[in-house]
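**Student:** In the working numbering, the protein residues as written are 65 to 466. Yeah, the Cβ is synthetic: ideal placement off N, Cα and C, and Gly gets one too. Sharing a structure here in structure tokens format.
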């Protein structure tokens, strides 16, 4: 029993930026294993855009994980709060959405998230149900729980205040309403991004103020880096993988990330356990596994998640066929080596050049490609795997390293 609880906690902690009151989470999971009693895990989404990318799904993956350990996900559509607009991280007041926009986007969210979440363990909720009923007296009572000075402590508000950028009074209500959602929903744990800390803590504050006999634990997830490995994943930056991307495009985008970034994606996006990921990483380190094969498995997992089991393998095969059509001959000399080999030595052994010094010059002249990617590092060592080595436009060799 104790081992199960600790294993669950390790998976829950994985990839998180901060957890407030981990002790409460441990008690909830332990109670579930002992009695079968469920607990409630909330995440709120303002339906301001109809499509999700993998950066958004980091939070949803964590919700799905809680479902394995007794959590009932409260997937909150902020249809009421979206009419105010969350000011978090914004330098100006956000435009208000129409009711129809909110409903259309909410439906799109539901369609996409159930590719990750277990629908039978998910309650989709709309906060207009209780916030519309709050009334004027209820709103005034709610507002009395927070001072203006405390609100101005928020980084985004303080910057706008100091720069004389307008702040609508309605925006002050947003964190209070988000916090009140936790009161109305009787939430045990709330998840959000690191930029949501102020709002998430408001739930704890208001549950105490309204005598809920509990204060929700808070778990914050980091922002996922985009394909470039530097900037956060964003459609505006073009470094994103969309949940609605075609299987082929999704597969290719995952393959385009660096070997280093691959482990970050495994940690935040994969359903594989920490032990499984550790085994893959060890295999790459001791060269019994090639990074390309491991990245293939990640791409297949992600494509299967959004396009159905088997779609990943189909995308992989299609990708290989397209790759094969890029002027690479089907018949070429094949060379096999034991252990790693220096790129320049491989060029010599494959009879593509006469000497390693010539190979160095060719690499520096951008005349050498590996799997159709130009090689710029003349010190590169090829690891375990299969490669198409090319010198110039017409000289090819297949390299196999065991």
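Could you please give the first and the last residue of the uninterrupted alpha helix (DSSP H) stretch that includes residue 146?
**Tutor:** The residue you call residue 146 lines up with position 82 of the chain shown. From DSSP, residue 146 is part of no alpha helix (DSSP H); its letter is neither H nor E.
**Student:** Any contact of the segment 108 to 125 with the segment 133 to 147, i.e. 3+ C-beta pairs under 8 Å?
**Tutor:** Taking 8 Å as the limit for Cβ pairs, the verdict is that the segment 133 to 147 does touch the segment 108 to 125.
**Student:** Quick check: what's the CA-CA separation for residue 297 versus residue 385?
**Tutor:** Taking the chain shown and counting its residues from 1, one reaches residue 297 at position 233. Taking the chain shown and counting its residues from 1, one reaches residue 385 at position 321. Rounded to whole angstroms, residue 297 to residue 385 spans 29 Å at the Cα level.
**Student:** Here's the rule: buried if 16 or more other CB atoms are within 10 angstroms of the residue's CB, otherwise exposed. What is residue 368?
**Tutor:** In the chain shown, residue 368 corresponds to position 304, counting from 1. Buried, because 16 or more other Cβ atoms sit within 10 Å of the Cβ of residue 368.
**Student:** Are the CB atoms of residue 106 and residue 251 nearer to each other than 9 Å?
**Tutor:** Translated into positions along the chain shown, residue 106 becomes position 42. Translated into positions along the chain shown, residue 251 becomes position 187. Yes, Cβ-Cβ distance for residue 106 and residue 251 is below 9 Å.
**Student:** So what does residue 452 bridge to, in DSSP terms?
**Tutor:** Numbered from 1 along the chain shown, position 388 holds the residue referred to as residue 452. Bridge partners of residue 452: 462.
**Student:** Taking a contact to mean a Cβ-Cβ separation below 9 Å, would you say residue 316 touches residue 383 in this structure?
**Tutor:** To locate residue 316, count along the chain shown from 1; it is residue 252. To locate residue 383, count along the chain shown from 1; it is residue 319. Their beta carbons are under 9 Å apart, which means residue 316 touches residue 383 by this criterion.
**Student:** How about the segment 342 to 355 and the segment 305 to 322: do they share at least three Cβ pairs that are nearer than 8 Å?
**Tutor:** Contact fails: fewer than three Cβ-Cβ distances are below 8 Å.
**Student:** Can you give me the Cβ contacts of residue 188 inside the same chain, cut-off strictly under 7 Å, excluding the 5 residues immediately before and after it?
**Tutor:** On the chain shown, residue 188 is found 124 positions in, with the first residue counted as 1. Answer for residue 188: 139, 141 and 174, listed in chain order.
**Student:** Could you give the residue range of the alpha helix (DSSP H) that holds residue 237?
**Tutor:** Within the chain shown, residue 237 is the residue found at index 173, counting from 1. Residue 237 -> alpha helix (DSSP H) spans 233 to 249.
**Student:** Return the bridge partner residues of residue 437 from the DSSP annotation.
**Tutor:** Counting from one through the chain shown, the residue named residue 437 turns up at place 373. Paired residues: 434.
**Student:** Note down the Cα distance separating residue 487 from residue 162, rounded to an integer number of angstroms.
**Tutor:** The structure shown has nothing for residue 487, since the chain only spans 65 to 466.
**Student:** So what's residue 138 in DSSP terms, helix, strand or just coil?
**Tutor:** As a working note, residue 138 is residue 74 in the chain shown. Here residue 138 sits in strand by DSSP.
**Student:** Applying the criterion that 16 or more other CB atoms from any shown protein chain within 10 Å of the CB defines a buried residue, is residue 254 buried or exposed?
**Tutor:** By one-based count along the chain shown, residue 254 stands at place 190. Buried is the call here.
**Student:** Which residues mark the beginning and the end of the beta strand (DSSP E) in which residue 84 is found?
**Tutor:** Stepping through the chain shown from its first residue, residue 84 is reached at position 20. Per DSSP, residue 84 belongs to the beta strand (DSSP E) from 82 to 84.
**Student:** Can you list, in chain order, the residues of its chain with a C-beta nearer than 7 Å to that of residue 80? Leave out the 5 residues immediately preceding and following it.
**Tutor:** Locating residue 80 in the chain shown gives position 16, where the first residue counts as 1. Within the same chain, residue 80 has close Cβ partners 283, 284 and 285.
**Student:** Tell me the rounded alpha-carbon separation between residue 214 and residue 451.
**Tutor:** On the chain shown, residue 214 is found 150 positions in, with the first residue counted as 1. On the chain shown, residue 451 is found 387 positions in, with the first residue counted as 1. Rounded to the nearest angstrom, the two C-alpha atoms are 60 Å apart.
**Student:** Can you tell me which of 264, 237, 379 and 396 puts its alpha carbon nearest to the alpha carbon of residue 202?
**Tutor:** Position 138 of the chain shown, counting from 1, holds the residue named residue 202. Checked all of 264, 237, 379 and 396; the closest Cα to residue 202 is 237.
**Student:** Classify residue 311: buried if its beta carbon has 16 or more other beta carbons within 10 angstroms, exposed otherwise.
**Tutor:** The sequence position of residue 311 within the chain shown is 247, counting from 1. The residue in question, residue 311, is buried, as its Cβ has 16 or more Cβ neighbours within 10 Å.
**Student:** Have a look at residue 226 and residue 216 and give me their C-alpha separation to the nearest angstrom.
**Tutor:** Taking the first residue of the chain shown as position 1, residue 226 is located at position 162. Taking the first residue of the chain shown as position 1, residue 216 is located at position 152. Rounded to whole angstroms, residue 226 to residue 216 spans 10 Å at the Cα level.
**Student:** Would you call the CB atoms of residue 56 and residue 410 closer than 9 Å?
**Tutor:** Since the displayed the chain opens at 65 and closes at 466, residue 56 lies outside it and no answer follows.
**Student:** Taking the straight line between their C-alpha atoms, what separation do you get for residue 124 and residue 181?
**Tutor:** As a first step, residue 124 is located in the chain shown; it is residue number 60 there, counting from the start. As a first step, residue 181 is located in the chain shown; it is residue number 117 there, counting from the start. In a straight line, the C-alpha of residue 124 is about 7 Å away from that of residue 181.
**Student:** Start and end of the alpha helix (DSSP H) containing residue 187?
**Tutor:** Against the chain shown, residue 187 aligns to sequence position 123. Where residue 187 is concerned, there is no enclosing alpha helix (DSSP H), although the beta strand (DSSP E) it sits in stretches over 186 to 190.
**Student:** Flag this pair as touching only if the segment 230 to 247 and the segment 74 to 88 have three or more C-beta atom pairs under 8 Å; answer yes or no.
**Tutor:** Contact fails: fewer than three Cβ-Cβ distances are below 8 Å.
**Student:** When DSSP builds the beta bridges, which residues end up paired with residue 399?
**Tutor:** Translated into positions along the chain shown, residue 399 becomes position 335. Partner(s): 463.
**Student:** Measure the C-alpha to C-alpha separation of residue 104 and residue 135 and round it to an integer number of angstroms.
**Tutor:** Working through the chain shown from its first residue, we reach residue 104 at position 40. Working through the chain shown from its first residue, we reach residue 135 at position 71. The straight-line gap from Cα to Cα measures roughly 6 Å.
**Student:** So, for residue 68: in the same chain, excluding its five sequence neighbours on each side, which residues have a beta-carbon less than 8 Å away from its beta-carbon?
**Tutor:** Position 4 of the chain shown, counted from the start, is the residue given in the question as residue 68. Counting only Cβ-Cβ distances below 8 Å, and skipping sequence neighbours, we find 97.
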